[in-house]
Every structure is written in C-alpha cells, then in structure tokens.
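Colleague: First the structure, then my questions, so here it is.
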Amino acid sequence: MAVNGTPATDASTLAFVESPVQLLNVLEWAHATAGTEAGSEARNRPHDLTVVVLSPTDPMTRGQLRRMAELARHEGMRVRWEEARGGAGAPFQTIGGLASALRRARRVVIGDPFSRYVQLLLTITRARELVVVDDGTATMEFIAQLTGGERLVRWHRRGGRRGPRDLVFGPVSAVARRRLTPSRARTVEVFTSMPVEEAPGVTVTANDFGWTRARFGPPRVSRGADLVGTSLVETGVVDPDRYVEAVTALARAHGATRYFAHRRESADKLHRLAVETGLEIVRPDLPLELIARRGPIGRLILSFPSTVVHTLPLALAGTGVRVAVCDVDPLWLRDTASPRAQGFLAGVTTTARDVQRLPALG
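Structural data, given as structure tokens:
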C-alpha cells in the first residue's frame with residue numbers, strides 16, 4: 001500500500017529499505033546529492049524518489065521505521081510500506097506488485113545487498129544506475145567481496161556450511177552480484193561513512209551525516225557517560241555471560257548510567273543487564289545518530305566495535321562529545337562464531353576515525 005494514499009509506481013528512483021538505519025542513509029544520500037538534478041521540482045521531491053519499506057516483523061524495528069518514514073515524507077519523499085513478511089504468500093505478492101515499477105525505474109537505491117529479498121528484486125530491475133547506501137559495517141564486507149569476486153555473505157555467517165536454502169538461492173544471488181558489478185550498461189555508487197576499499201568502476205561517495213546535522217541539534221551534553229549496546233550476542237558471535245561481564249566492567253570504569261539498546265537485542269538480555277549492572281536501559285525510537293544529535297547525550301559515548309564508532313563522530317561533529325570503543329577479547333567469542341569474526345571486529349575498531357580506543361574489559 002502507499003502511505004498517505006500516494007501512489008509509488010511512477011518514480012524514476014526507487015529505494016528499498018529494511019531497517020531504520022538504511023532509511024536514514026537514503027535521506028542522507030538524497031541530501032548530499034541535492035541540487036545535482038536541475039529544477040525546483042526536483043529539489044522539492046528529491047530525485048523523484050519513492051522509498052519502499054520492506055517491513056520486517058520485529059516490533060522494535062517496525063516502530064523505528066514508522067518514525068523514519070514520517071521524516072522521509074516530511075522531506076518530500078513518497079513512502080510505500082510493504083508487509084513483505086506478513087505470511088507465506090507475502091513475498092510473492094510484494095515482488096509481483098513491485099515488478100512493473102522496478103522495470104521502469106531509472107535508478108534503484110538499496111540498503112542491504114546481502115538481503116535475499118533485495119537480491120530477488122535486483123534480478124527484475126533494468127535500472128542503469130544502482131546505489132548502495134550505508135548499512136553499517138556490512139558495507140565494508142560488500143565492497144571487499146565484490147572486488148574479490150566472492151559470493152555475498154554477511155561477515156558473521158562466513159565459514160559455516162552452506163545450507164539447502166543457500167544452494168537453492170545460489171543462482172539468484174549470482175545474478176544479483178552481476179547486477180551490482182559496474183558495466184557499460186550500469187553504474188554503481190556506494191554511499192557510505194565507512195572506510196571501504198576501492199572497487200573497479202564503483203563510485204564511492206562519502207556520507208558525512210549532513211542531513212542529520214542540519215535537521216537535529218546541537219544536543220545538550222551532560223557530564224556523564226552513555227553506553228551503546230550491540231547485537232553481537234544475538235548474532236551468535238559473543239558469549240552472553242562474557243558480554244554482561246564486559247558491560248558491567250565498562251560501565252563501572254567510566255561511570256556510565258544509561259545503556260542505549262540495539263534494536264535487535266533480546267528483552268531477556270536487556271532485563272539481565274538492567275538487574276546486574278544497574279544501568280538505565282533506553283530503547284530508542286530512532287537510529288542512535290538522531291537520538292544522540294537530538295540529545296541530551298553524555299560527554300563520553302562508550303561502544304563495542306560497531307557501526308556507531310564510525311557514524312557518531314560524524315553526526316556529533318563540533319559538539320564536544322567523545323566516542324570510545326572497547327575491543328572485543330577473543331575469549332568472549334563463542335565456538336560458533338565465524339573464523340573471521342575477531343579479525344573483522346578488530347578492523348572495525350582500527351579503521352574508526354576520531355575515537356578513543358579502550359582495552360578489552362571483563
């Protein structure tokens with residue numbers, strides 16, 4: 001369905017998002033490239049852009065996406081909300097309903113090239129321009145895999161055996177990868193705040209969070225410290241007991257009083273953190289970059305290796321807020337973690353700019 005009754009089938013640019021951060025970075029991309037397309041109408045309706053939300057089922061993510069959709073509409077974008085996972089037949093209905101618009105679109109913007117949903121959509125499109133907007137640390141892996149000619153697999157799943165679904169989906173993934181490879185018929189742009197390798201033919205555009213800084217803040221900065229949560233436990237990378245111990249030690253060492261939960265963190269884990277650490281658990285209704293910019297926020301933000309150690313220094317530039325990242329001790333990793341997990345997490349930390357590095361605790 002189309003939000004506010006606005007049809008979403010005539011746009012020259014279609015953007016597909018599945019998370020609040022992806023939608024935030026579509027807004028950042030549109031802001032950064034504003035004025036490159038002539039005419040006041042283009043500025044009022046950025047790039048004749050329709051955002052298609054392929055809604056997940058997680059209530060926390062859906063709530064944040066609803067809020068981000070409101071912001072996108074306020075910026076003049078059309079938003080089409082798809083209950084893409086609302087039952088066994090939902091994917092077929094969603095893809096069938098989008099096929100005509102996909103074939104007509106001149107430009108397609110995606111937030112997650114690893115998503116099977118997005119890969120299916122890429123097999124349909126005839127767009128001559130593809131844009132991959134930031135999906136956090138996954139963007140670093142995407143560029144590396146594209147350059148190396150590898151299959152597209154999320155970093156925390158690498159090293160595991162390919163299951164039956166992976167084998168069945170293999171041909172679709174291969175076609176999507178070819179679509180994401182620049183050619184004479186197609187340009188590919190990556191819009192990111194992450195440090196990425198150069199890929200032949202791929203245009204890399206820096207995301208400096210100009211839209212966020214223009215629309216929010218500057219925030220009121222308190223004297224305390226805030227801690228940012230991660231979903232490393234939920235993705236099977238870090239042992240839950242080790243994680244709780246590390247959060248406890250980090251909070252005590254720096255006097256943190258609040259814990260900003262990642263939208264994927266489980267309610268049971270958050271309850272345990274509240275009981276054992278005494279931290280106030282905050283479940284944000286917007287991506288953390290916007291929450292921090294809106295304030296109030298602590299003078300020191302503590303995090304484990306994650307996207308925010310790259311994005312928060314940009315979003316909070318000029319505010320005096322410091323970001324510190326705590327390394328992940330190899331002893332925290334679960335036996336089921338990918339063999340590449342430690343190296344990847346270390347890379348997230350070492351490539352972060354304008355952050356303070358802290359030794360592993362716990």
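The opening residue of the sequence shown carries number 1 in full-length UniProt numbering; numbering runs sequentially from there. C-beta atoms are modelled at their ideal positions from N, C-alpha and C, and glycine is treated no differently.
Can you list, in chain order, the residues of its chain with a C-beta nearer than 7 Å to that of I281? Leave out the 5 residues immediately preceding and following it.
Modeller: Y259, A261, L270, L273 and A274
Colleague: Can you tell me the Cα-Cα spacing of G229 and F216, whole angstroms?
Modeller: 22 Å
Colleague: Applying the criterion that 16 or more other CB atoms from any shown protein chain within 10 Å of the CB defines a buried residue, is T350 buried or exposed?
Modeller: Its Cβ having fewer than 16 others within 10 Å, T350 is exposed.
Colleague: Alpha carbon to alpha carbon, what distance is there between W81 and I110?
Modeller: Each residue's CA atom was taken as its position, placing I110 and W81 some 15 Å apart.
Colleague: Helix, strand or coil: how does DSSP classify F216 here?
Modeller: coil
Colleague: Run through the DSSP bridge pairs and tell me what L300 is partnered with.
Modeller: A225 and R322
Colleague: Using only alpha-carbon positions, find the residue among R263, R242, A292 and H31 that is nearest to P330.
Modeller: R242
Colleague: According to DSSP, is A346 part of a helix, a strand, or is it coil?
Modeller: helix
Colleague: Could you compute how far the alpha carbon of E70 sits from the alpha carbon of S12?
Modeller: Going from the Cα of E70 to the Cα of S12 covers about 21 Å.
Colleague: Note down the Cα distance separating F16 from P339, rounded to an integer number of angstroms.
Modeller: Cα to Cα, the separation comes out at about 31 Å.
Colleague: Going by other Cβ atoms of all chains shown within 10 Å of its Cβ, with 16 needed for buried, is E41 buried or exposed?
Modeller: A caution first: E41 carries a pLDDT of 47, below 50, which makes its placement in the model unreliable, though a value can still be read off. Around the beta carbon of E41, fewer than 16 other beta carbons lie within 10 angstroms, which makes this residue exposed.
Colleague: Is E83 helix, strand or coil when you go by DSSP?
Modeller: coil
Colleague: Measure the alpha-carbon distance for V188 versus R177 and round it to whole angstroms.
Modeller: 12 Å
Colleague: Spatial neighbours of T277 within its chain, please: C-beta separation below 8 Å, excluding the five flanking residues on both sides.
Modeller: V244, V247, T248, A251 and Y259
Colleague: Where do the N-terminal and C-terminal ends of the alpha helix (DSSP H) with T230 fall, by residue?
Modeller: First-last for T230: undefined, no H or E at that position.
Colleague: V323 and L312: beta carbons closer than 8 Å?
Modeller: yes
Colleague: Helix, strand or coil: which one does DSSP assign to L130?
Modeller: strand
Colleague: What residues in its chain sit with their C-beta under 6 Å from that of D354, if we drop five residues either side in the sequence?
Modeller: Within the same chain, Cβ atoms closer than 6 Å to the Cβ of D354 are found at P313, the five residues on either side in sequence being excluded.
Colleague: Quick test of your reading: A101 and T94, contact by CB under 8 Å. State the CB separation rounded to the nearest angstrom.
Modeller: With 8 Å as the limit, A101 and T94 do not qualify as a contact, their Cβ atoms being about 12 Å apart.
Colleague: Measure the Cβ-Cβ separation of L180 and P113 and say whether it is below 8 Å.
Modeller: yes
Colleague: Need the endpoints of the alpha helix (DSSP H) that A337 sits in, please.
Modeller: Neither: A337 is in no alpha helix (DSSP H) and is coded neither H nor E.
Colleague: Mind checking R43: buried by the 16 CB within 10 Å criterion, or exposed?
Modeller: In this prediction, R43 has a pLDDT of 43, which is less than 50 and means its spatial position is unreliable; what the coordinates show is noted afterwards. Per the 10 Å Cβ criterion, exposed.
Colleague: Using only alpha-carbon positions, find the residue among T203, A317 and L49 that is nearest to R104.
Modeller: L49
Colleague: Compare the Cα-Cα distances from T212 to each of D226, H31 and D58 and report the closest residue.
Modeller: H31
Colleague: Please tell me whether V52 and L98 are closer than 8 Å, where the distance is taken between their beta carbons.
Modeller: yes
Colleague: Residues in its own chain within less than 6 Å of G224 by CB, not counting five upstream and five downstream?
Modeller: T257 and G298
Colleague: Grouping DSSP H, G and I as helix and E and B as strand, with all else coil, what is I124?
Modeller: coil
Colleague: When you compare each of A317, P219, M77 and L227 to L27 by their alpha carbons, which one comes out closest?
Modeller: Of A317, P219, M77 and L227, the smallest CA-CA separation from L27 is found for M77.
Colleague: Within its chain, find whatever has a CB closer than 7 Å to the CB of S231; leave out the 5 residues flanking it on each side and keep chain order.
Modeller: H262, R264 and E265
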